[in-house]
Each structure stands twice: as C-alpha cells, then as structure tokens.
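Below is one structure, written out as structure tokens, with a few remarks after it.
Chains as they are written, first to last, in my numbering: chain A, 7 to 416; chain B, 7 to 416.
Following this line, the structure appears as structure tokens:
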C-alpha cells in the first residue's frame, strides 16, 4: 500500500481523490500496489465530504510523515507550491503536479532536486490536461529528431474561437458565455492573453531540447484582438482560426511563438474544436503524429495526475531520467522567421489600394467579405520583420486607409 | 554498443536500418548505448547497397551469436517468422516486430516465452504504424477503465474511401489507383476485406482485456461493397464514411466489429483522411483521447520498430510486463449490440414503401440523393438482429423493391 498526500482540494485535487477511489483496482494493478490518499492539505474544511477525515491544514503533517511516498501538488500558483514541492523532493518524496506555472518557472531546479534525491518530479497534467503527451515524448518517440511541435493547448480559448466561428459572435460576448459556463476565470488574462499556452509550449520545448526554455522569451499574442469581422473573412476563405503554439527545432536552434493562426479545417489541428486540445509532433522519420483529447476538466486532468502517481509508485527509488538541464536554450528571434500573413486593410480608393499592395507584395490573393471600404489579402512567405516593414509602408500609401488586423497563416 | 539483427530487408527492414543510421545520436541517448545492426537476414543479395556487408542467408548465424541482443522481425507472414521469433526469445534475445499477423495469431504464446526468458516481445509498429498507441495504452493510460477503442487502422482503405468521396469514383477505379500508387497489394484482400484491421483491433483488445482475443471471432466486413451511390448519399447527409474497428469493454465482457461506418466529419475520426490512421480511446475518467498519424509507410513504421528496439536495449534483462494471458476472452455476439443503420431501398410505389418503412421502424429520417426509384433511411437504435429481421420483412412489403445497401452509423 503506497500512501500519498494531495495538496489542494479544488477541482483537480478532488478529481484525483475521485479517480483513485473509483479506479483503484486498475491503478493497483498498474502501480504494483494499492494507493491510499492519507492526507489532503487544504485551508478549508469539508464537513459534508468523507475527505474531511483526512484533511490537514498543516503541511508539516505531510512532510514529516515518512509513510508518504508521493506528494500531489494541485494547489496552483507558484508559492507556496514551489516551497512545498521542493521540501517534498528533498525529503525523498516524489511529486506529481498539474501546475504549469510552477513547472515553467521552476521545472529545471525541481527536476535536478528530484534526480539528486532519486525520486521523480512528474507533470503530465501540466500540458494537454488528460492527453498523454509528456510521457509519449519521453518514452515512446525515442528514435526521432523532433522538428516541430504545434498545439492547441488551451481549451478555454479554443472554445471561444469555436463559438465565435459557429455563431458569428463578438469576442466580448463569447468571453461572457465562457465565464458563465466556468470555462474562463473572472480574470481571464491567463487564458485569453496566451500566457497559459505559452507556459505549456515552454515545457514541451524544454523536453525536446533538453534545456531550459524561458517562457518569458516566447513571443505570445492572445485572442483578445480577434474580431467577428476577422472571423467572417476566415469563414469566407473556408478556413478555421485557432490559438496555436508552435516551436520549431533545428539542430541546437529553436524558435517558439503563440498566436492566433488561420489554418485549413482539413488539417488535423483545424478540426480540434470546443474545449478539446490537440498536439502535433513532427519527427524526421515519423512525420506528423497528433495527440487529441480533453485539455482541461476535473477528471481528465486528474487522470493524468494519477497516471504520474502510478509511475512514481512503480518506480520507487529510481529517477526516471525525464529531465532537462538548467542550461538555457537560446531562442531565435521570430522576426527572422518566415511566415505568411492575412492582412485586413481599409481604403479610400480601392484601385489605388490594390495597386499599392501589388507594388509592395507582388501578386497576392485578395479576399472580400462584402464589407464596405475594406478587403483583405494574404502576403507571400517572408520574414516577419520584412512583412511588418512593408505593412508600415503600405499604411502610408495613396488610397490605403489603415491596416485593420493581421493574423498569421499556418 | 548493443548489437541487433534484422530479419527481412524489405520496405520496413530497410527503413529500420535507415532510421538507426540517420538518428543514431538520439537513439543512443535514449537507449543508454549505441545500437549497431550486425546482421540483416534476407534470401536476396543487395550488391549495390552497403547492407550487403552484413547480409546473411542463414538464420543460424544470428541465433547462435551471443552478441545479438535484439532480433527485429520484419519479414511478414507467420512462417518462418513464428519459428524465428520463438527461437530468438528462447535464446534470451528480445524481439521487436511490425508483423500484425504474427502477433494476432501467436502473441499470447510469444509473450509468455518472452516473460519466461526475461526478455521482451514488442510490437508497437503492428498497430497504427508510426503512431505510438500500444506503449501509451500500457504505460500512459494507467489509471483508466477503458470503455471503448475505435480506430481507422488501415491506411489503404482509408485512402480509397477518401478518394471515392472526394472524386466521386467507383470502388474498382480507386482500387486500381491505390494499386498503381503502391498503397494496395496486387491481391488487396488483406486490406479491402478488413482482415488487416481485424488483426489490429484484436491486438488492441488483448492489451485492454489482458486476455487473448481471437481475431477469427471478430465480425469483419471490408469496403468492397461500398459503392459510389452509397457515398453520394453519405455526402448528401454531410457525413463521412470510414472503415472503423470498434471494441467496447464492459466489466469482463467485450464485443468487437470491423465494418464501414458513417460518421460526422466533425468527429475526430471523421477528419482522418488519406493514408492516415486515427485511434480513439475512451476512458471512464479521461473521456476521449485520439492518437493520429501515418499508419503505414517505410520510415514511420520503422520508427515505431526502432522505438521498441530502444525499449528492449534500455530494459535489458527485465521483462516489461506488457503482456496478456493465454486465457481466451469471450466475445459478445454483435447481433445483440444496438446500432443504427443507413439503409438504401428501391421501390415500385414510393408512398407504399414509405408507409412500409414507418410501419416497420416508426418515424425515421428519409434521405434522397436524387436517384430514380430509390431513397434511403436511418433506422432507430436497435439490436443488429432486430434490424436485420425487420429489413428482411421490409424486403417483402408491398411497394418496396429491395434493400440495396446497409451501412452502420457511428
């Protein structure tokens, strides 16, 4: 019987307890022994929940109990999560967490401490919720040179973009709906500004490169500027819009970017809708593989956490070596990366505007969505900085009003 | 340096040699030591290929060489593959194979022999080509009660159905095209009759149940009867048609089925096109996860084989316990399973035919594809045997001509 402690009895924490209780037979079989939740740490009491019998308000009860083999950190935030996790690892307890903020900020250090103490720091649930992605990267795709990872890594924004597209709604309206449904927080910045997605692609990139990728250096643009009109154009083109995180790897170099991207609906990621996530991995021999599923939600996320607990218990006393070094990975500036962009412009004189565009970008595809005094076009594939310079010139051209919006194409 | 032998220098065998040579650095890192191909067994010589230096025509060279730790069986067929694999395992060599026919027929016995000899019998490439699916089932989804697996497991037939749909072609024409492109064999039965898919769902089901699922007991219907006209109706309904393998698990019971199925294009499997495969796994807590990628092809398949080699080398002297028993899994007769079916009927008197259908099935959706003297309808959800009995009655009803085709709905 392996005894564990759960830090935090919120959505994921209560899900972890539920998964362990309902699937204890299969868990016991796969872990090699049964698993018992001995403590749940929370500031609150839960008088109507059987969990009350094992609630503690004092982390010392857990850290000083040598019976506890695995600590499950599902509190969120980086403090005191970091201090608790660090102390647990140093005491020879493995830690499993769903906390992407913690992993993105302190992963390198915590992985090193786990290794030094011959325990494991595991965080499958921190990316893609219930979708197995970190373990496949570490354990399954073991003979590939990974060239690219592109993912829809945030269910809230994917739900919002899906709903804006399906129902022709404005951003503000779907945000309100997502908040009412509990998909988006009252302060939605972490989701809608792309910060959550950014931390996840940083974690994936660290696994691929084996070095620390600083999430603060990743170019990150959320969905707050995507309008109903933009989506009208996207639909007109028969395409879809997604908040994509992309990281490309080439030898020791890499770049990464989070932004809304227009994509073919027949692309495997183009069909990932609602709160689902999809993560595409491109290997040099394997080609594209994609992992799809619920990127959030109580039980799917808890399921990923519990699969980590199973691994930790099964590999007692043995660090699994799923790690990256504290060496910093340099990121190539994305302004040098080639991309094609969808550009909406207003005009005073259409013929002059069309002429200015063809002078600036050559022969491009023009998209009309039946909106007065504006149209859109697709730039050729050029370095971001070149496109941006050309767009700034274009804004000053005869007959052109202003550049109304710019969205990358996949 | 781990030394291995490759049995068979066909498409997959030469791919294995290529992946090991081109990705040797990452492979060495993940396996813990470098991997060298010491022998390739083939009846042929390859005078213009560097592989000629390590070609042997005699399996005894391999089996009697104690340096060989891993034998890679990529010959196909069950004999002499079975004898070679068995002898290798008994000699304490791990075996990695892409041979689904071998695994479906002799998997239980070979897994037992591997366990007895503290080596591994691994076959990631036998299902889904390059897609990691067996290892995720064994290693990642470890706290779930698996309720269903449904997959597009054969790239050839998926290519054919995709092409029939996109280009409005007849079965015979796309078969010819697939044969010309090398996707389909001269004798295409293994693919088009569903036998290949059947073996793969049997392997997946054995992993889930932990018992031997006899592929010969799985109801299997290929795509040979799917016509251009059927697909006209499918398109009219805004849906897609796929050759799906489904297995459902409930306690100790299960059923499995391979057949063409009509599915929503927005369903994750509905968007899996061309030679791609997709495998959806439903867990009781996790919900749906899907694994997508190239289900065949030289390098993707070889990549999965090499990931098995990495595992075998990394776990020298230790059976990984990815196994099922030789106990037989009972299959529930699918005639008792509820399903909804698409039915095309011809008529002599339309009003009478419609009346007969509503007498037989109640209020159903009628689909017209603008074809003279016929229409289609969708039955309610009923046991297969009940639907079949009702359809036989319907064929004898006043005004009804005959039942032209019947396809299951997802």
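Here a beta-carbon is modelled for each residue, glycine too, at the ideal position from N, C-alpha and C.
Residues near residue i by beta carbon distance below 7 Å, same chain, minus five either side
i: residue 344 of chain A; result: 387, 388 and 389
i: residue 363 of chain A; result: 370, 383 and 400
i: residue 60 of chain A; result: 43, 44, 45 and 46
i: residue 243 of chain A; result: 373
i: residue 57 of chain A; result: 15, 23 and 46
i: residue 340 of chain B; result: 225, 261, 263 and 390
i: residue 121 of chain A; result: 325 and 329
Residue from the options with nearest C-alpha to residue i
i: residue 201 of chain A; options: A/91, A/110, A/318 and A/256; result: A/110
i: residue 327 of chain B; options: B/392, B/137 and B/125; result: B/125
i: residue 1 of chain A; options: A/360, A/116, A/150 and A/221; result: Given a span of 7 to 416 for chain A in the structure shown, any question on residue 1 of chain A remains unanswerable.
i: residue 14 of chain A; options: A/231, A/276, A/244 and A/51; result: A/51
i: residue 30 of chain A; options: A/18, A/376 and A/43; result: A/43
i: residue 280 of chain B; options: B/163, B/359 and B/241; result: B/163
i: residue 9 of chain A; options: A/320, A/403 and A/367; result: A/320
i: residue 154 of chain B; options: B/366, B/359 and B/295; result: B/295
i: residue 342 of chain A; options: A/250, A/391 and A/274; result: A/391
i: residue 207 of chain A; options: A/225, A/194, A/192 and A/195; result: A/225
i: residue 28 of chain B; options: B/309, B/288 and B/91; result: B/309
i: residue 286 of chain B; options: B/87, B/159 and B/403; result: B/159
i: residue 247 of chain B; options: B/255, B/107 and B/274; result: B/274
Residue span of the beta strand (DSSP E) that contains residue i, given as start and end
i: residue 44 of chain B; result: 41 to 47
i: residue 353 of chain A; result: 344 to 353
i: residue 294 of chain A; result: 293 to 300
i: residue 154 of chain B; result: 152 to 158
i: residue 9 of chain A; result: 8 to 13
i: residue 280 of chain B; result: Where residue 280 of chain B is concerned, there is no enclosing beta strand (DSSP E), given that its DSSP letter is neither H nor E.
i: residue 380 of chain A; result: 380 to 384
Contact set for residue i: own chain, Cβ-Cβ below 6 Å, skip 5 residues either direction
i: residue 314 of chain B; result: 102, 128 and 130
i: residue 252 of chain A; result: 156 and 263
i: residue 347 of chain B; result: 385, 393, 412 and 414
i: residue 305 of chain A; result: 21
i: residue 223 of chain A; result: 337
i: residue 34 of chain A; result: 40
i: residue 300 of chain B; result: 135, 136 and 306
Span of the alpha helix (DSSP H), counted from its first residue to its last, around residue i
i: residue 173 of chain B; result: 161 to 173
i: residue 259 of chain A; result: Premise fails: residue 259 of chain A lies in the beta strand (DSSP E), 259 to 269, not in any alpha helix (DSSP H).
i: residue 124 of chain B; result: From DSSP, residue 124 of chain B is part of no alpha helix (DSSP H); its letter is neither H nor E.
i: residue 204 of chain B; result: 201 to 215
i: residue 417 of chain B; result: It is not possible to answer for residue 417 of chain B, since the shown part of chain B is limited to 7 through 416.
i: residue 95 of chain A; result: 87 to 96
Contacts around residue i, its chain only, beta-carbon distance under 8 Å, and the 5 residues preceding and following it disregarded
i: residue 357 of chain B; result: 405
i: residue 68 of chain A; result: 11, 13, 45, 47, 62, 74, 77 and 94
i: residue 176 of chain B; result: 170, 233 and 234
i: residue 330 of chain B; result: 113, 114, 117, 212, 213, 215, 216, 217 and 218
Under 8 Å from the C-beta of residue i: neighbouring residues of chain B
i: residue 154 of chain A; result: Ordered by position in chain B, no residue passes the 8 Å Cβ test against residue 154 of chain A, which lies about 14 Å from the chain.
i: residue 29 of chain A; result: 149, 150, 151, 290 and 291
i: residue 329 of chain A; result: Per Cβ cutoff of 8 Å: no residues; residue 329 of chain A is ~12 Å from chain B at best.
i: residue 25 of chain A; result: 149 and 291
Residues that residue i contacts on chain A, provided the C-beta gap is smaller than 7 Å
i: residue 148 of chain B; result: 36, 313 and 316
i: residue 33 of chain B; result: 149
Residues that residue i contacts on chain A, provided the C-beta gap is smaller than 9 Å
i: residue 319 of chain B; result: Under the 9 Å cutoff, chain A gives no residues; its nearest Cβ is about 10 Å from residue 319 of chain B.
i: residue 279 of chain B; result: 272
Residues that residue i contacts on chain B, provided the C-beta gap is smaller than 7 Å
i: residue 308 of chain A; result: 291
i: residue 20 of chain A; result: Residues of chain B passing the Cβ test: none, with the nearest at roughly 13 Å.
i: residue 164 of chain A; result: Correct list: empty, because the minimum Cβ distance to chain B is about 14 Å.
Proximal chain A residues relative to residue i, where beta-carbon distance stays under 8 Å
i: residue 125 of chain B; result: Residues of chain A passing the Cβ test: none, with the nearest at roughly 19 Å.
Contacts that residue i makes with chain B (C-beta to C-beta distance below 9 Å)
i: residue 80 of chain A; result: Those within 9 Å of residue 80 of chain A in chain B number zero; the least Cβ separation is about 15 Å.
Any chain D beta carbon closer than 9 Å to residue i
i: residue 282 of chain A; result: The structure shown contains no chain D; its protein chains are A and B.
Worksheet item: At a Cβ cut of 8 Å, what residues of the segment 290 to 306 of chain B count as close to chain A, listed as they run along the chain?
Response: Listed by position, the residues of the segment 290 to 306 of chain B near chain A (Cβ gap below 8 Å) are 290, 291, 292, 293, 294, 295, 296, 297, 298, 299, 300, 303, 305 and 306.
Fill in: Interface residues of the segment 131 to 145 of chain B facing chain A [CB-CB below 7 Å]
136, 137, 138, 141, 142 and 145
Worksheet item: Got a sec: which bits of the segment 221 to 234 of chain B sit with their beta carbon under 8 Å from any beta carbon on chain A, in order along the chain?
Response: none
Fill in: the segment 388 to 415 of chain B: positions lying closer than 8 Å to chain A by Cβ
none
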